[in-house]
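155 is the number of the first residue of the sequence shown in my numbering; add one for each residue after it.
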Amino acid sequence: MINIAGDKVLLMKASDRDVHELYFWKFEEKKQEAKKWNAPYIPEEKVSKEKYLESWREEVLPGVPSSLVIKCNNKVVGYVSCYWVDRNTNWLETGIVIYDSDYWNGGYGTESYQLWINYLFTNTHLHRIGMSSWSGNKRMLAVANKIGMKEEARIREARIVNGEYYDAIKMGILRSEWLASQR
């Protein structure tokens, strides 16, 4: 069982109950505040609960899950995730979503993302870890910067949100940079 504890959050493999709570936040919750920030330019089809539950069993490498749930005070508030960009060059793309807005702007995202990146570098032979966002998501860009990621690409006016153009942003961190930050 994977349990990665920080001062504010716990990252862990999701139980079926956790996944049902995340399904509610992702597809059924009325406000959908997180969707205003988490890639609002990508249309998302609703999937069945069974298919969503199945996706939580995926691993990027043997013993390394593609997602972990974020818990605060024993409550599911979001998740961290990753997927392969290029297995040949050991490059994963990562992400984080905190659905419960009560846990925004309190350091929960930064701590969760830092724990996730540390876990991935510690438990794999990855060469690089990246993330993608948009210039309107200032909080995610700040979190990535705080944990040592560097802006690597800015594709100008590549995303449309609420009828307005924003830049697509790619950030990343190399294993060597992460190792240097651990000293």
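Note that the Cβ used here is the ideal one computed from N, Cα and C, for glycine as well.
In this text, all values refer to a predicted model and were calculated from it rather than measured experimentally.
Check: How would you label proline 197, buried or exposed, when you count the other beta carbons within 10 angstroms and need 16 or more for buried?; Outcome: exposed
Check: Could you pull out every residue in the same chain whose Cβ sits closer than 6 Å to the Cβ of alanine 188, ignoring the five residues on either side in sequence?; Outcome: Val251 and Tyr253
Check: Is the segment 279-289 close to the segment 159-174, with three or more CB pairs under 8 Å?; Outcome: no
Check: With a cut-off of 8 Å, do at least 3 Cβ pairs link the segment 232-251 to the segment 211-222?; Outcome: yes
Check: Report yes or no: do three or more beta-carbon pairs, one from the segment 224-232 and one from the segment 256-268, lie closer than 8 Å?; Outcome: yes
Check: Under three-state DSSP, which class holds aspartate 172?; Outcome: helix
Check: Considering just the uninterrupted stretch of the alpha helix (DSSP H) at alanine 334, what are its terminal residues?; Outcome: 329-336
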